[in-house]
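Accompanying notes for the structure given below.
Number of protein chains: 2
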Amino acid sequence: MEASGQGIDAALLDRFAAIVGEAHALRSDADIAPYVSERRGLYSGRTPLVLRPGSVDEISRIMRLATETRTPIVPQGGNTGLVGGQMPDGSGREIVLSLSRLNRIRELDVQSNTVTVEAGVVLQTLRDAADAADRLFPLSLGSQGSCQIGGNLSSNAGGTGVLAYGNARDLCLGVEVVLPTGEVFDDLRKLKKDNTGYDLKNLFVGAEGTLGIITAAVLKLYPKPKGRAVAWVGVESPEAALWLYGLVADHAGTDLTAFELVSERTLDFVLRHIPGSVAPLDGPFPWNVLVEVSSARSEEDARNLLEDALENAILGSGDDIAHINAVFASSLAQSDAFWRLRESMSDAQRLEGASIKHDISVPVAAIPEFIERAAIAVEAVSPGARLVCFGHMGDGNLHYNISQPVGADGAAFLGLYRAMNKAVHDIVRDLGGSFSAEHGIGRLKRDELLATAPPVAIDLMRRVKAAFDPAGIMNPGKII
Amino acid sequence: MEASGQGIDAALLDRFAAIVGEAHALRSDADIAPYVSERRGLYSGRTPLVLRPGSVDEISRIMRLATETRTPIVPQGGNTGLVGGQMPDGSGREIVLSLSRLNRIRELDVQSNTVTVEAGVVLQTLRDAADAADRLFPLSLGSQGSCQIGGNLSSNAGGTGVLAYGNARDLCLGVEVVLPTGEVFDDLRKLKKDNTGYDLKNLFVGAEGTLGIITAAVLKLYPKPKGRAVAWVGVESPEAALWLYGLVADHAGTDLTAFELVSERTLDFVLRHIPGSVAPLDGPFPWNVLVEVSSARSEEDARNLLEDALENAILGSGDDIAHINAVFASSLAQSDAFWRLRESMSDAQRLEGASIKHDISVPVAAIPEFIERAAIAVEAVSPGARLVCFGHMGDGNLHYNISQPVGADGAAFLGLYRAMNKAVHDIVRDLGGSFSAEHGIGRLKRDELLATAPPVAIDLMRRVKAAFDPAGIMNPGKII
C-alpha cells in the first residue's frame, strides 16, 4: 500500500489512525485547520490527517509505517516557527505529526541541575516548573507561552537569554529521537561531559525535523539569580553602543544577562502604538540599549553592579562619545516596563504597514559597519523605507526590519522582498555573517541557502540527510 | 599507484613528500620516533613517513593524493592524547600528518571576543595571547604546554575550566576542515548565532580526526576575571561534598569556576611524593574539595564571595554534616599551592606502583552512589587495591583510578585491567554515565564502545563515517 499521487489512500490513513486511536487522528477540515496555517498567515499547507500520538512507542510505529509506505511526515510542535518549517506542503500527501500530547516533565533533578522533558512541553510550563524548584531555565522567547521544547530544539531557538546562557543547543545535554525507520535513539543522559563517539545530538538539534523526531530531551538548569537590575541607556551611535557593550561586559563578566540594541525609530513606533508605554529617557537618542545584569547574591548586589558599570562608562566617555544617558529601573514594575518596550517591537511595527524582515548575525565588532552599509543599500532599493533595527547586540544578532515608506503601497513594497533580502544579505555575507541567526531555514530560506552556501557545506548536509533519511520522508522540502 | 600490502611504495612516498618539501617529510627512524610513541609508552605505531605541511593548501593536496591512492592518514597534534587516537597502527601503511607547522594565530578580535587560530597552536600559547589582550581563553589542561588546539578540538578536551566555561566544543564557534577528498570546508565564522542548516561543526569536533582534519578554528574569548579566590575544604563524605557544591553553586552562580573533589588517599599520595607539598588543613579529612570562585570586579570581591559562600555553608551544616573545615588561600602563592596539589595527583600516583584508571562521568547527583558502589566492586576484583579518586565534581566527572595493593605484583594487578574496567563501567552505565568523559575513544576504548553502546547509536555513527569518509582513509581504527 503506497501513498498515491492524489492525496493518501484512505486505507493507509486508517492504518496510521489506528496507531493513535481515532480520537487522536484529526481528519475534518475544522480539526485540521489549526495545524495547516500559522498566526501570521504567511505559511499554509494541506494534509488529510493530523496524528496526535501519546507515546514514543506510537511515534515509533507511525514512522515504521511511514517508512514502509514512503509516506512523508511533518513533525509539529507549538506551530510558532517563523520560516514554515512546521508546515506541510500543498500536495495533501504529507501527514502532520503533532507532539503536543507528549507533554510530561519526566524528571527534574535539582542536584544535577537537569530536567528531562518531553517534546510537547510548552516552554513557559518548563520555565515555571524550574522556577518552582528554585532553578532557572534560561531559554526565553516571545512565543514562550505556546512554543514547545521539541520545536525549540529542532529550530535551535535563541531569544534574549543567549548572551549569558546560550541557545537551545547549548542548553541541551541529551535527546531521545525517533528515527525515520521507527528505531529510537535514546541518548537521554544527564552528563556535562561525554566523549564517546560522534556528536549525534547536535545533528538532530537544529535539523527542523528533517533527520528524525526529537521526542524528549535532557536540558540544563541554572541556580536562580537572586537579583536583577535593568537600565535603559541612550547613545549617539552603534559605535557608542559597541563601546558601552565592551565596558559593561568587562565589568559585569558572566553576570551580564542582556544587552539589547534599539534604534530610535523602533522605540518611537512602540511609544506611538503600544498603550501604556512611556519613553524611558528625557528626549530621544538615535540609539538605545536595554542592559540587564543578574546576581547570584542579591537585588542590591545586582543594582550596585549595574550602577558601577554604567557610571564607569559615563565618567569614562570622552569626546568620542558625545552624549550618553542612562536611567535605572527603580522597581520591578519599571524593569518589566523596560522589557515590555523591547518585547512590543514586532507588534508595534505591524501597525506601520508592510514590512520586510531580516534575522541576521554578524561578528559583534562588525555591527556598526553593518548598520552603516545596510542603511545605504536599503535606501537604494526602496527610497524612504524606514529601518526598524533592534536585537541582541551581545550576540551580534539584529532583527533588521524595514517598514514601507510612509504612504507607499504595501503590496508594491512587498514586491521588493527579494531585492531587499539580497541587498541586506550580501552585506551580511561580506562581513562573515549569517542570514538566519535564530529562526532557521524551513521553507522560507531554503532556496537562498542552496544558492549561497558553499557547495562543500551543501554537499556535506546532503550526505547527512541521505545517511539518516534515505527515503526522504522526514519533513521534506525543509532546509535541504 | 596504490599503497602496497607491505608498507607504502617508495614512489608514492616521494609524491607525498614532494607536496610538503623534503625538509618537512620525515623518513629516518630517529626523526619519526617522536611521532610514533607517546610520553607514557602505552601506545606506539609504525609509519614510513611523517608529513609536516605548512599550509591548508598542502594538506588539501595531501588528502587528494591519499584519496586517489587509498592511503590512510593519521592526523597528529601535540601527541598528548591519552587513548591512542593520534597514533598510527603497527602496519607501516599509515602516514602521519603533523599539524605543528600550522601555528599562526590568524586574528584576535577583542570586540567580538573571538580568536581565529590554526590547529597547531599550542594551548598555552593561545592562553598567553588571550591574556596579553586582557581576555581569558578558559580551556585548561595538564598538558597545555604541549597539546595543540587541533587536538583539543578533535578530542573535545575538558579540564578544569569546564564547570564555568564548557569544554572545547562549547568554546568553538567555527572550524576549517580539510575533508578526505581534499576539499576545504570553510566555516570560520565568528558568530554566536547561526541557524543555517545542519550543525556540521560539532561532527568534526570530537571526531578524533576520523571525518576530516581540523586546520583552524574560531574560538570564544571571555573578559578576564579581575579576581580569584581559592579555598581548600575538608568534608566527611561525598554526600557532604555534594551538599556543599549545591550551596556554593547557589551562592556564587556563574562565578563558581572550580569545584574539585579529592579523596584522602589521593591527597596523601601527593603529600608523600611531591616535594614541597603541604597539607592545607590540620588533620586529615576523608574527602577534600578545592573551590575556586572568580569575579569580574576585583580580588576583594572574589574573596568576599567565597568567604560568604563557605561561611554560610559551615554555619548551616547541621547534624547531618558532622564535620567540615575550610582554609582560604591568603595569597596568590597559596592559591597556586592548592592548585599544585590538585595538578600533581597523576604524578604522585605513578610512584605508588601499577594503576588502572577510569575517566568516567555520572549525573552530579549520582556521584555519592557511584563512589559507594564502585568501592565495593573494586575490592571484589582486587582485594586491597587502593582507590585514588579525584576529579571535577561540578561536571560529574571523576578520574577514578586504582593503585595496586601495597606489595602486590604490578604486572599481575594490570592483568585485572579488563575485569576492573568492567566492574567500574557497569556501575557507570547503570547510573546513566559515560565511560569516557574527557579523553575520548581512540584505540583504547573502541572495543568497549562497539560492545556496549546502543546498536542504534553505533549504526548512526557508522552512517556518518561512511558518508564523510567512504574510502576509510581518515585515521582508521579510531572511534568506530
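Just so you know, the protein sequences line up as chains G and P, in that order.
Reminder that position 181 of the first sequence reads as 181 in my numbering, one-by-one numbering, no gaps.
To get my numbering, take the position in the second sequence, counting from 1, and add 1000.
Ideal Cβ placement from N, Cα and C applies to all residues, glycine included.
Here the structure is a predicted model, which is why all the values come from computation and not from measurement.
{"query": "Apply the 10 Å Cβ neighbour rule to ASP1194/P and answer buried if 16 or more other Cβ atoms are within range, or exposed otherwise.", "result": "buried"}
{"query": "Apart from the five residues on each side of it in sequence, which residues of its chain come closer than 8 Å, Cβ to Cβ, to ASP395/G?", "result": "GLY158, VAL162, LEU163, SER361, VAL364 and ALA437"}
{"query": "Give me the Cα-Cα distance between VAL1291/P and LEU82/G, rounded to the nearest whole angstrom.", "result": "44 Å"}
{"query": "What number of angstroms, rounded off, separates the C-alpha of ALA1471/P from the C-alpha of PHE185/G?", "result": "26 Å"}
{"query": "If you measure from the beta carbon of ARG340/G to each beta carbon in chain P, is any gap under 9 Å?", "result": "no"}
{"query": "Any chance the stretch 32-45 of chain G sits against the stretch 94-109 of chain G, with 3 or more Cβ pairs inside 8 Å?", "result": "yes"}
{"query": "Enumerate in chain order the residues of its own chain whose CB-to-CB distance from ARG104/G is below 6 Å, with the five nearest sequence positions on each side excluded.", "result": "GLU118"}
{"query": "Quick check on LYS465/G: does DSSP put it in helix, strand or coil?", "result": "helix"}
{"query": "Let me confirm a value: HIS1425/P is counted as buried when at least 16 other C-beta atoms fall within 10 Å, else exposed. Which label applies?", "result": "buried"}
{"query": "Pick helix, strand or coil for LYS422/G, following the three-state DSSP scheme.", "result": "helix"}
{"query": "Taking 9 Å as the cut-off, decide whether the C-beta atoms of LYS1224/P and ASP1301/P are in contact.", "result": "no"}
{"query": "Show which residues of chain G have a CB atom less than 7 Å away from the CB atom of LEU1153/P.", "result": "By Cβ distance, chain G contributes nothing, its closest Cβ being about 12 Å from LEU1153/P, past 7 Å."}
{"query": "Contact between the stretch 1348-1362 of chain P and the stretch 1228-1248 of chain P is defined here as three or more beta-carbon pairs at a separation below 8 Å; is this criterion met?", "result": "no"}
{"query": "Flag GLU2/G as yes if its beta-carbon sits less than 9 Å from any beta-carbon of chain P, otherwise no.", "result": "In this predicted model, GLU2/G has a pLDDT of only 41, less than 50, meaning its place in the structure is not dependable; the value taken from the coordinates is given anyway. Output row for GLU2/G: interface = no."}
{"query": "Taking ILE479/G as the query, report the chain P residues whose CB atoms sit under 8 Å from its CB, ordered along the chain.", "result": "GLY1197 and TYR1198"}
{"query": "How about ILE1473/P and THR1047/P: do their beta carbons lie closer than 9 Å?", "result": "no"}
{"query": "Just to confirm, are SER1044/P and GLY1090/P a CB contact at a threshold of 9 Å?", "result": "yes"}
{"query": "Quick one: Cα of HIS1251/P to Cα of GLY1410/P, how far?", "result": "46 Å"}
{"query": "Using only the alpha-carbon positions, how far apart do PRO1072/P and LYS1478/P sit?", "result": "12 Å"}
{"query": "Is the beta carbon of LEU1281/P less than 9 Å from the beta carbon of VAL1293/P?", "result": "no"}
{"query": "CB-CB under 6 Å to GLU1107/P, same chain, minus the five flanking residues each way: which ones, in chain order?", "result": "THR1116"}
{"query": "Between ARG418/G and PRO405/G, which are expected to be in contact by the criterion C-beta below 8 Å, what is the C-beta distance as a whole number of angstroms?", "result": "With 8 Å as the limit, ARG418/G and PRO405/G do not qualify as a contact, their Cβ atoms being about 18 Å apart."}
{"query": "Locate the beta strand (DSSP E) running through ILE1073/P, then write down its first and last residues.", "result": "1073-1076"}
{"query": "What is the rounded straight-line gap between the Cα of ALA380/G and the Cα of SER263/G?", "result": "20 Å"}
{"query": "Say whether chain P places a C-beta atom closer than 9 Å to the C-beta of LEU305/G.", "result": "yes"}
{"query": "On the premise that THR114/G lies in contact with PHE1483/P, defined as a C-beta separation below 8 Å, what is that separation, rounded to the nearest angstrom?", "result": "Within the shown structure, residues of chain P are numbered from 1001 to 1480, placing residue 1483/P beyond reach of any answer."}
{"query": "Any heavy atom of the ligand ATP inside 8 Å of the beta-carbon of ALA1408/P?", "result": "Among the components modelled here there is no ligand, and therefore nothing to report on the ligand ATP."}
{"query": "Can you tell me which of TRP1287/P, GLU1208/P and HIS1024/P puts its alpha carbon nearest to the alpha carbon of LYS1445/P?", "result": "GLU1208/P"}
{"query": "Would a C-beta distance cut-off of 9 Å place PHE370/G and GLY415/G closer than the cut-off?", "result": "no"}
{"query": "What are the boundary residues of the alpha helix (DSSP H) that includes ASN1397/P?", "result": "Premise fails: ASN1397/P lies in the beta strand (DSSP E), 1397-1403, not in any alpha helix (DSSP H)."}
{"query": "Leaving out five residues before and five after THR160/G in sequence, what residues of the same chain have Cβ atoms less than 6 Å from its Cβ?", "result": "SER140 and ALA258"}
{"query": "Find the nearest neighbour of ALA1412/P within the set GLU1239/P, ILE1356/P and SER1055/P, judged by alpha-carbon distance.", "result": "ILE1356/P"}
{"query": "Taking its Cβ as the centre, do 16 or more other Cβ atoms sit within 10 Å of VAL1278/P, making it buried, or is it exposed?", "result": "exposed"}
{"query": "For the stretch 1432-1455 of chain P, which residues have a beta carbon sitting closer than 8 Å to at least one beta carbon of chain C?", "result": "In the displayed structure, chain C is absent; the protein chains listed are G and P."}
{"query": "Nearest CA to the CA of GLY1440/P: which residue from LEU1261/P, ARG1052/P, GLY1206/P and THR1266/P?", "result": "GLY1206/P"}
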